[in-house]
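Number of protein chains: 2
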Amino acid sequence: MSDTAALKARRERLLGRNMSLFYSDPVHIVRGEGVWLYDADGRRYLDCYNNVPHVGHCHPRVVEAIARQASTLNTHTRYLHEGILDYVERLTATFDRRLDTAILTCTGSEANDIALRMAQAVTGKTGVIATDHTYHGNTTAVSQLSTRMPPVGGFSGHVRHVPAPDSYRPLGGTPGDAFSAAVAKAIADLQESPFGFSALIIDPFFANEGFPDLPEGFLDATVAAVRKAGGVVIADEVQPGFGRTGGHMWGHQKAGIVPDIVTLGKPMGNGHPIGGVVAGSDTLNAFRQAFRYFNTFGGNPVSCAAAMAVLDVIDDEALIDNAREVGAYAKAGLDRLRHKHDVIGDIRGSGLFFGAELVLDREKKTPATDLATRVVNGMRERGVLMGKLGIHQNATKIRPPMPFSRENADLMLSTLDDVLSGL
Amino acid sequence: MSDTAALKARRERLLGRNMSLFYSDPVHIVRGEGVWLYDADGRRYLDCYNNVPHVGHCHPRVVEAIARQASTLNTHTRYLHEGILDYVERLTATFDRRLDTAILTCTGSEANDIALRMAQAVTGKTGVIATDHTYHGNTTAVSQLSTRMPPVGGFSGHVRHVPAPDSYRPLGGTPGDAFSAAVAKAIADLQESPFGFSALIIDPFFANEGFPDLPEGFLDATVAAVRKAGGVVIADEVQPGFGRTGGHMWGHQKAGIVPDIVTLGKPMGNGHPIGGVVAGSDTLNAFRQAFRYFNTFGGNPVSCAAAMAVLDVIDDEALIDNAREVGAYAKAGLDRLRHKHDVIGDIRGSGLFFGAELVLDREKKTPATDLATRVVNGMRERGVLMGKLGIHQNATKIRPPMPFSRENADLMLSTLDDVLSGL
Numbered sequence: 001m002s003d004t005a006a007l008k009a010r011r012e013r014l015l016g017r018n019m020s021l022f023y024s025d026p027v028h029i030v031r032g033e034g035v036w037l038y039d040a041d042g043r044r045y046l047d048c049y050n051n052v053p054h055v056g057h058c059h060p061r062v063v064e065a066i067a068r069q070a071s072t073l074n075t076h077t078r079y080l081h082e083g084i085l086d087y088v089e090r091l092t093a094t095f096d097r098r099l100d101t102a103i104l105t106c107t108g109s110e111a112n113d114i115a116l117r118m119a120q121a122v123t124g125k126t127g128v129i130a131t132d133h134t135y136h137g138n139t140t141a142v143s144q145l146s147t148r149m150p151p152v153g154g155f156s157g158h159v160r161h162v163p164a165p166d167s168y169r170p171l172g173g174t175p176g177d178a179f180s181a182a183v184a185k186a187i188a189d190l191q192e193s194p195f196g197f198s199a200l201i202i203d204p205f206f207a208n209e210g211f212p213d214l215p216e217g218f219l220d221a222t223v224a225a226v227r228k229a230g231g232v233v234i235a236d237e238v239q240p241g242f243g244r245t246g247g248h249m250w251g252h253q254k255a256g257i258v259p260d261i262v263t264l265g266k267p268m269g270n271g272h273p274i275g276g277v278v279a280g281s282d283t284l285n286a287f288r289q290a291f292r293y294f295n296t297f298g299g300n301p302v303s304c305a306a307a308m309a310v311l312d313v314i315d316d317e318a319l320i321d322n323a324r325e326v327g328a329y330a331k332a333g334l335d336r337l338r339h340k341h342d343v344i345g346d347i348r349g350s351g352l353f354f355g356a357e358l359v360l361d362r363e364k365k366t367p368a369t370d371l372a373t374r375v376v377n378g379m380r381e382r383g384v385l386m387g388k389l390g391i392h393q394n395a396t397k398i399r400p401p402m403p404f405s406r407e408n409a410d411l412m413l414s415t416l417d418d419v420l421s422g423l
Numbered sequence: 424m425s426d427t428a429a430l431k432a433r434r435e436r437l438l439g440r441n442m443s444l445f446y447s448d449p450v451h452i453v454r455g456e457g458v459w460l461y462d463a464d465g466r467r468y469l470d471c472y473n474n475v476p477h478v479g480h481c482h483p484r485v486v487e488a489i490a491r492q493a494s495t496l497n498t499h500t501r502y503l504h505e506g507i508l509d510y511v512e513r514l515t516a517t518f519d520r521r522l523d524t525a526i527l528t529c530t531g532s533e534a535n536d537i538a539l540r541m542a543q544a545v546t547g548k549t550g551v552i553a554t555d556h557t558y559h560g561n562t563t564a565v566s567q568l569s570t571r572m573p574p575v576g577g578f579s580g581h582v583r584h585v586p587a588p589d590s591y592r593p594l595g596g597t598p599g600d601a602f603s604a605a606v607a608k609a610i611a612d613l614q615e616s617p618f619g620f621s622a623l624i625i626d627p628f629f630a631n632e633g634f635p636d637l638p639e640g641f642l643d644a645t646v647a648a649v650r651k652a653g654g655v656v657i658a659d660e661v662q663p664g665f666g667r668t669g670g671h672m673w674g675h676q677k678a679g680i681v682p683d684i685v686t687l688g689k690p691m692g693n694g695h696p697i698g699g700v701v702a703g704s705d706t707l708n709a710f711r712q713a714f715r716y717f718n719t720f721g722g723n724p725v726s727c728a729a730a731m732a733v734l735d736v737i738d739d740e741a742l743i744d745n746a747r748e749v750g751a752y753a754k755a756g757l758d759r760l761r762h763k764h765d766v767i768g769d770i771r772g773s774g775l776f777f778g779a780e781l782v783l784d785r786e787k788k789t790p791a792t793d794l795a796t797r798v799v800n801g802m803r804e805r806g807v808l809m810g811k812l813g814i815h816q817n818a819t820k821i822r823p824p825m826p827f828s829r830e831n832a833d834l835m836l837s838t839l840d841d842v843l844s845g846l
């Protein structure tokens with residue numbers, strides 16, 4: 001049996017069936033460094049997928065911060081410790097001044113689970129609006145926001161879904177109008193239900209929905225409708241946060257809105273399990289009063305040290321500027337490929353989260369979902385790791401570690417050219 | 424302003440009000456080593472509270488494992504990696520052979536959130552039974568198991584609470600009969616509800632309930648009633664697991680039962696955020712089929728390296744034997760104090776989770792709840808950190824790191840003698 005087959009069999013025996021695994025020929029990764037991953041045979045892969053190792057795989061400053069703090073103290077927040085205070089002060093300084101306090105958790109799922117309850121504490125209601133192609137995490141409560149699989153006992157009825165924005169197949173009218181109208185309708189519907197209207201939760205970059213290119217002000221009418229109805233806006237920054245989109249630290253800043261609650265996850269500790277919720281002190285205090293909450297590992301000194309090192313590296317290596325510059329460079333390269341390959345229907349994204357939507361017919365914009373799977377596997381065979389996502393699951397998901405360079409982009413582009421040429 | 428007052432003010436400003444903090448004079452901890460914690464003034468405290476740093480604060484082997492793996496690779500489980508397989512194989516080998524697969528998470532709360540859904544997947548029902556003084560974690564779904572604070576929108580009605588076992592104030596009859604009768608009644612009640620009966624979730628050591636001393640077989644009739652009704656038994660091992668109670672690796676093994684689902688948390692990674700769910704492959708596969716589940720940080724190579732080092736140290740330093748021996752020694756010491764101090768109404772516990780229940784009147788067993796708070800604060804003033812818990816919040820919570828020695832126990836006992844003498 002091959003190494004891969006043996007590992008897959010062992011994995012199924014120990015971790016169960018139906019556990020997701022990337023690529024038709026899965027990779028057995030043993031080492032990471034910067035934007036590179038290495039398999040057990042020493043083969044090198046350019047990582048165009050992973051946003052969790054935000055400042056690069058195994059960044060020495062993050063590793064050093066973790067090792068130093070882990071050998072000094074790792075305990076909970078029921079004692080006084082300056083690590084969490086220094087970090088939250090530094091973190092909240094990157095937000096609008098109204099967003100001045102935070103709760104730290106271990107995952108983005110835990111953060112969204114809290115955010116929904118924060119909204120409940122502020123509004124006294126439980127109804128939530130989300131988009132129809134989103135994903136906000138894996139807890140029981142947060143899973144209810146997904147349309148993917150009805151849970152045992154059914155959906156609880158407090159969630160309304162609105163069509164995700166789509167810049168490639170827009171609904172017509174002034175951009176943002178259709179979205180805000182759908183949200184307004186969902187608000188009215190919830191207000192007539194026993195749940196009432198509590199919150200709109202969105203990724204302001206709509207990453208899972210296929211990262212549509214939305215004009216400035218797209219969300220203004222939506223946010224106004226939510227506020228007018230007494231609801232709160234939750235911005236899930238697990239994907240666009242920490243400068244990913246280039247030019248802005250947060251996706252909601254790029255979108256030009258100030259949410260009431262912001263949730264953080266994946267890139268926050270470069271892979272060390274840490275997430276968080278940032279909100280105004282009134283919102284946070286309302287939550288703490290309505291729900292007792294304590295998270296044993298949340299905000300521990302080691303997690304805070306890892307997260308602080310991530311902020312240091314983002315600044316010191318000017319990674320937000322890099323995301324903007326290299327992202328623009330790579331997008332321009334994709335655009336050149338579009339002239340050569342008819343299968344590329346649309347190019348969009350921002351900073352180091354961008355990609356191409358693949359279609360079978362440019363005029364009809366017919367989603368090339370299966371072909372996108374072949375492209376992703378073809379890239380993997382040629383040593384470039386990426387994924388796919390979007391409403392039709394036909395957009396390439398290119399979301400590399402933030403130190404991604406022009407040279408890395410060139411390799412990704414030439415490999416993609418090669419794969420598309422071989423289709 | 425004193426250092427403590429300044430830190431408290433800064434903490435309230437950045438982390439919000441009502442965030443729990445131990446002791447009337449909180450400690451500002453900056454360093455930990457073995458069973459010792461050190462404050463900013465260099466003062467040393469004997470840690471009789473923290474079970475998270477299971478093999479001792481900053482154990483060099485755990486720190487080294489974390490540092491080594493963090494500098495090599497830290498990624499998710501959608502690639503093949505041997506770290507998680509080696510760990511799950513080693514972990515499940517400590518369980519009954521029917522419990523042969525696992526899902527890894529970041530926290531015990533996430534683990535219990537999954538366990539409830541696993542039970543739903545297996546039974547097709549959602550009703551759950553828990554004890555009336557328990558705590559199983561902080562997610563929205565798991566919080567519903569607590570009676571402490573009604574959530575916004577109210578409790579959902581699918582939880583039934585049964586009186587927690589109490590060996591000091593037993594309900595009468597053959598031990599276990601009253602508990603199994605209460606569970607049987609709750610099962611019947613749920614079966615007549617729209618929810619149906621899905622699971623009984625218990626800490627088999629009933630730690631938060633005050634760690635009653637229960638005879639062998641106490642839970643047998645209860646488990647039989649659950650199985651007969653087609654439900655599953657979830658054992659929450661977040662507190663008694665990993666050898667804490669001495670002589671057994673798991674609390675349910677001490678209780679002599681084989682649960683269907685086991686959840687793990689706090690001590691698993693010595694403070695590194697890792698939790699998990701262990702179950703039979705049929706149960707785990709049913710969950711994976713009914714609910715898509717992926718946890719970005721869960722089972723990452725660094726978490727697995729930390730957790731593997733914990734298992735290594737437990738074995739190599741014979742910490743389960745140590746827990747049994749030192750725990751018995753300390754309990755005998757507490758029993759001597761009982762002859763001197765009338766306030767000690769009962770001594771109980773097992774291994775390195777034991778304590779005294781404090782009463783105002785031995786005959787009436789009147790809980791001395793406020794006095795217990797004074798004792799805990801008096802211990803802190805004298806350099807010994809512990810807590811309190813139990814149905815009446817009047818039992819001392821003594822739950823030190825596992826390398827706790829007889830000498831450490833002597834210091835704890837002499838300090839307690841001193842504090843009780845000064846009341």
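If you're matching them up, the sequences are chains X and B in order. Those letters in the first sequence? Residues 1 to 423, by our numbering. Those letters in the second sequence? Residues 424 to 846, by our numbering. Where is the CB? At the ideal position from N, CA and C, for every residue including glycine.
Measuring only the C-alpha atoms, how far is residue 405(X) from residue 108(X)? Taking the first sequence and counting its residues from 1, the one referred to as residue 405(X) is at position 405. Taking the first sequence and counting its residues from 1, the one referred to as residue 108(X) is at position 108. When rounded, the distance between both Cα atoms is 28 Å.
Run the CB neighbour count on residue 578(B), radius 10 Å, all protein chains shown included, and call it buried at 16 or more, exposed below. The residue labelled residue 578(B) in the question sits at position 155 within the second sequence. Looking at its Cβ environment, which holds fewer than 16 other Cβ atoms inside 10 Å, residue 578(B) is exposed.
Residues within the segment 62–86 of chain X neighbouring chain B, beta-carbon criterion of under 8 Å: 62, 63, 66, 67, 70, 71, 72, 73, 74, 75, 76, 77, 78, 79, 80, 81, 82, 84, 85
Spatial distance of residue 634(B) from residue 318(X) (CA atoms): Working through the second sequence from its first residue, we reach residue 634(B) at position 211. Working through the first sequence from its first residue, we reach residue 318(X) at position 318. Those two C-alpha atoms are separated by around 53 Å.
Assuming residue 641(B) contacts residue 601(B) under a Cβ cut-off of 8 Å, what Cβ separation, rounded to an integer in Å, is found between them? As a position in the second sequence, residue 641(B) is number 218, starting the count at 1. As a position in the second sequence, residue 601(B) is number 178, starting the count at 1. So it is not a contact: roughly 10 Å between Cβ atoms.
Assuming the contact rule is C-beta atoms closer than 8 Å, residue 479(B) and residue 457(B) should be a hit. Round their C-beta distance to whole Å, please. As a first step, residue 479(B) is located in the second sequence; it is residue number 56 there, counting from the start. As a first step, residue 457(B) is located in the second sequence; it is residue number 34 there, counting from the start. Residue 479(B) to residue 457(B), Cβ: 4 Å. Contact.
Please compile the residues from chain B whose C-beta is within a distance smaller than 7 Å of the C-beta of residue 290(X). Locating residue 290(X) in the first sequence gives position 290, counting from the first residue. Chain B residues near residue 290(X): 575.
Buried or exposed: residue 802(B), going by 16 or more other Cβ atoms within 10 Å of its Cβ? Indexing the second sequence from 1 puts residue 802(B) at position 379. With 16 or more other Cβ atoms from the protein chains shown falling within 10 Å of its own Cβ, residue 802(B) counts as buried.
Please work out which residues of its chain come closer than 8 Å, Cβ to Cβ, to residue 102(X), disregarding the five sequence neighbours upstream and downstream, and give them in chain order. Here the question's residue 102(X) lines up with position 102 in the first sequence. If we look at residue 102(X) and ignore the five residues flanking it on each side, its Cβ neighbours are 88, 91, 92, 276, 277, 278, 279, 284.
Cutting at 7 Å between CB atoms, please list the residues of its own chain near residue 609(B), excluding the five before and the five after it. Within the second sequence, the letter at position 186 stands for residue 609(B). So the list reads 552, 583, 585, once near-sequence residues are dropped.
Beta-carbon neighbours of residue 471(B), restricted to chain X and to distances below 7 Å: As a first step, residue 471(B) must be located in the second sequence, where it is residue number 48. Near residue 471(B) there are no residues of chain X at all, since even the closest Cβ is about 14 Å away, more than 7 Å.
Could you tell me which whole beta strand (DSSP E) segments of length 3 or greater appear in the segment 436–516 of chain B? 452–456, 459–462, 467–470
To the nearest angstrom, how far is the alpha carbon of residue 252(X) from that of residue 245(X)? Here residue 252(X) refers to the residue found at position 252 when the first sequence is read from its first residue. Here residue 245(X) refers to the residue found at position 245 when the first sequence is read from its first residue. Spanning the two alpha carbons is a distance of roughly 10 Å.
Any idea what DSSP makes of residue 697(B), helix, strand or coil? Numbered from 1 along the second sequence, position 274 holds the residue referred to as residue 697(B). DSSP places residue 697(B) in coil when its eight states are reduced to three.
In the DSSP output, which residue or residues are listed as bridge partners for residue 110(X)? By 1-based counting over the first sequence, the position of residue 110(X) is 110. In DSSP, residue 110(X) forms no bridge with anything.
Which residues, in chain order, does the segment 276–301 of chain X contribute to contact with chain B at a C-beta distance below 7 Å? Contacts with chain B (Cβ-Cβ distance below 7 Å) from the segment 276–301 of chain X involve 281, 284, 285, 288, 289, 290, 291, 292, 293, 294, 295, 296, 297, 300, listed in chain order.
Straight-line gap, residue 758(B) to residue 770(B) (C-alpha atoms, nearest Å): Counting from one through the second sequence, the residue named residue 758(B) turns up at place 335. Counting from one through the second sequence, the residue named residue 770(B) turns up at place 347. Rounded to the nearest angstrom, the two C-alpha atoms are 7 Å apart.
Of all the residues that make up the segment 807–819 of chain B, which are near chain X by a beta-carbon distance shorter than 8 Å? Within the segment 807–819 of chain B, no residue has a Cβ that lies closer than 8 Å to any Cβ of chain X.
Minimum C-alpha distance to residue 734(B) - residue among 825(B), 795(B), 497(B), 709(B): Walking along the second sequence from the start, residue 734(B) turns up at place 311. If we check each option's Cα against that of residue 734(B), 825(B) comes out closest.
Using the rule of at least 16 other Cβ atoms within 10 Å of the residue's Cβ for burial, across every protein chain shown, is residue 97(X) buried or exposed? One-based indexing of the first sequence puts residue 97(X) at position 97. The residue is exposed, with fewer than 16 neighbouring Cβ atoms inside 10 Å.
Residue 160(X) - partner residues in DSSP beta bridges: By 1-based counting over the first sequence, the position of residue 160(X) is 160. Looking at the DSSP assignment, residue 160(X) forms a beta bridge with 129(X).
Given a threshold of 16 other Cβ atoms within 10 Å of its Cβ, counted over all protein chains shown, does residue 9(X) qualify as buried or as exposed? Stepping through the first sequence from its first residue, residue 9(X) is reached at position 9. So residue 9(X) counts as exposed.
Which of the three DSSP states is assigned to residue 174(X) in this structure? Locating residue 174(X) in the first sequence gives position 174, where the first residue counts as 1. Collapsing the DSSP output to three states places residue 174(X) in coil.
Limits of the unbroken alpha helix (DSSP H) element including residue 804(B): The residue given as residue 804(B) occupies position 381 in the second sequence. Note, residue 804(B): alpha helix (DSSP H), 792–804.
According to DSSP, residue 769(B) sits in a beta bridge with which residue or residues? By one-based count along the second sequence, residue 769(B) stands at place 346. Residue 769(B) is bridged to 780(B).
Decide yes or no for the touch test of the segment 285–305 of chain X against the segment 119–134 of chain X: beta carbon pairs closer than 8 Å, at least 3 of them. yes
On a Cα-Cα basis, can you pick out the residue from 518(B), 822(B), 556(B), 790(B) that is closest to residue 851(B)? The structure shown does not extend to residue 851(B), since chain B spans only 424 to 846, so no value can be given for it.
Whole-number beta carbon distance between residue 365(X) and residue 68(X), since they are thought to touch under 8 Å: One-based indexing of the first sequence puts residue 68(X) at position 68. One-based indexing of the first sequence puts residue 365(X) at position 365. 52 Å between Cβ atoms; not a contact.
Closest Cβ-Cβ distance between residue 689(B) and chain X: below 7 Å? Residue mapping note: residue 689(B) aligns to position 266 of the second sequence, counting from 1. Answer yes: the Cβ-Cβ gap between residue 689(B) and chain X drops below 7 Å somewhere.
Sub-7 Å separation of residue 818(B) and residue 778(B) beta-carbons: Translated into the one-based positions of the second sequence, residue 818(B) becomes position 395. Translated into the one-based positions of the second sequence, residue 778(B) becomes position 355. The answer is yes: Cβ separation under 7 Å.
What are the boundary residues of the alpha helix (DSSP H) that includes residue 659(B)? Locating residue 659(B) in the second sequence gives position 236, counting from the first residue. Residue 659(B) -> not in any alpha helix (DSSP H); beta strand (DSSP E) instead, spanning 655–659.
Helix, strand or coil at residue 251(X) [DSSP, three-state]: Counting from 1 along the first sequence, the entry for residue 251(X) is found at position 251. In the structure shown, residue 251(X) sits in a helix (DSSP, three-state: H, G or I).
Proximal residues to residue 47(X) (C-beta, below 8 Å), its chain only, five neighbours per side dropped: Counting from 1 along the first sequence, the entry for residue 47(X) is found at position 47. Within the same chain, residue 47(X) has close Cβ partners 32, 35, 36, 37, 53, 57, 385, 400, 401.
Is the shortest distance between the beta-carbon of residue 18(X) and the beta-carbons of chain B less than 7 Å? Sequence index remark: in the first sequence, residue 18(X) carries index 18 (1-based). Yes, residue 18(X) lies at the interface with chain B (some Cβ there is under 7 Å from its Cβ).
In three-state terms, what does DSSP make of residue 814(B)? Walking along the second sequence from the start, residue 814(B) turns up at place 391. Residue 814(B) falls in the coil class under three-state DSSP.
List the residues of chain X that residue 663(B) touches, going by C-beta distances under 9 Å, in chain order. Position 240 of the second sequence, counting from 1, holds the residue named residue 663(B). Correct list: empty, because the minimum Cβ distance to chain X is about 16 Å.
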